[in-house]
Structure formats: structure tokens, C-alpha cells
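Enquirer: Under numbering that gives the first Met the number 0, the residues of the sequence shown are numbered 0 to 189, in order. Okay, here's the structure, questions in a sec.
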Amino acid sequence: MYWSGEEWMLLITGVLFAAAAAAGAIPIVTLTRRSQLTFAAGATAFIVAAIVLAQSETVVYPPLLWLVPLLPAAILAVITRDAVFARRAGGAATGAFQDHLQRAADVRRASVIPVATATAGSPAERMLRMRASDPTASPQELARIAYAHADLRALVAGNPATPVSLLEWLASVGDSSVHAAISTRRPAVA
0 MYWSGEEWML LITGVLFAAA AAAGAIPIVT LTRRSQLTFA AGATAFIVAA IVLAQSETVV
60 YPPLLWLVPL LPAAILAVIT RDAVFARRAG GAATGAFQDH LQRAADVRRA SVIPVATATA
120 GSPAERMLRM RASDPTASPQ ELARIAYAHA DLRALVAGNP ATPVSLLEWL ASVGDSSVHA
180 AISTRRPAVA
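As C-alpha cells, then:
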């Protein structure tokens, strides 16, 4: 069994993916379970490919194979950067790092809501109704709901998480129920 430089590149890529998966076990590193499993699957695939391809002598590799290790190296660089940022923030997810994590959670949460496809009486519409009045809803999520569903604008206007810019827009396009919801919360906004 002869190991060419390309097989070594595959093996190195697998080891780097394994390191990224193992980094999730470090308390200061925040990786989702899905990320850890994806990195572990990548590690397994590259290591097995390196071993299997080393058995064959007639494999022709593309020249770009030498760049493949850059992907897990970049992933490890981001993981390291985030861990250093978290450590500087006090060893836990606080301050700006906590804001970063909250924004990431907001993006995930907002992407799950089927704003455009929700029809009256559907489960999606009921979920939108709940999110429109939920104080933990992100400003982006509330804006998407208000823009897409005129019937939910009064709920968005009454939500304490609704930003002033969205309230101003709602006031300019809203009906009497939206104006009533805004007027009941004006002292809290000002």
C-alpha cells in the first residue's frame, strides 16, 4: 500500500474535520449537535476515502484536491475565533457574544415561520398570531409578519418588542385597530 500526496491530503482533511467535531466538547465552544455530527461524518468520509484510495494504484486526482484541507481549517479558525471571543467576554456567553448568539437564534427562529404561505385558520397562521404577540420575537420577524399579513398588524403594534421604526410604518399604513394598539403603548415607547 502506497500513500501518495493526495491520499495524505484526504487524511489530513479527515483529521481536521475530526478536530472540528471534537472541539464541540470544549465548554467554551458553542457548536450545535448537528454541526458536530456533520463534522464527524466528514472526518469519517475523508479518512475512509484516504484508506480505500491508497489501496488502488490507478486513481487520478484533480489538482484542486490540494485545496480541500482549507475548508476544515477555515472552520477551525472560526471556532477558535469564537472561543477566544467568548473567553475575553468572561469565559461564558455574555455581552457581545451573547448578542451574537441571540441574533443567530433569531435568524433560525424567523426562518422557520412560513410567513408568506400562512392562510386564515391554518396552523401556520395560528403560529404567526402567537409570534406576532410574543415579546421574544425578533424585530425582523415582527416586520415580516406585519408586511405580509395586514390582519396581524394590530398584534404586532401591541407587542412590546416591536421597534419604533416598525411602529411608525404601522401607524402610516394601519387601520383603526392598529392605531388603537399603538396608542395604548405610546407611553412605554417614548
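Note that the Cβ used here is the ideal one computed from N, Cα and C, for glycine as well.
What residue range is occupied by the uninterrupted alpha helix (DSSP H) comprising residue 183?
Expert: Residues 175-188.
Enquirer: Closest to residue 125 by CA distance: which of 134, 139, 150 is it?
Expert: Ranking 134, 139, 150 by Cα distance to residue 125 puts 150 first.
Enquirer: Can we say the stretch 80-88 touches the stretch 35-52, given the rule of at least three CB pairs closer than 8 Å?
Expert: Touching, no.
Enquirer: Just the Cα atoms here: how many angstroms apart are residue 92 and residue 76?
Expert: Summary for residue 92: the model assigns pLDDT 46, below 50, so the residue's position carries little reliability; its value from the coordinates is reported in the next sentence. For residue 92 and residue 76, the distance between alpha carbons rounds to 18 Å.
Enquirer: In three-state terms, what does DSSP make of residue 23?
Expert: Reduced to three states, the DSSP call for residue 23 is coil.
Enquirer: Below 8 Å, can you find three or more Cβ-Cβ pairs linking the stretch 21-31 to the stretch 49-65?
Expert: No: fewer than three Cβ pairs fall under 8 Å.
Enquirer: Measure the Cβ-Cβ separation of residue 180 and residue 157 and say whether it is below 7 Å.
Expert: Yes.
Enquirer: Could you name the residues of the same chain whose beta carbon sits closer than 8 Å to that of residue 86, not counting the 5 residues immediately before and after it, in chain order?
Expert: Excluding sequence neighbours, residue 86 sits near 27.
Enquirer: I need the straight-line Cα distance from residue 59 to residue 30, nearest angstrom please.
Expert: In a straight line, the C-alpha of residue 59 is about 36 Å away from that of residue 30.
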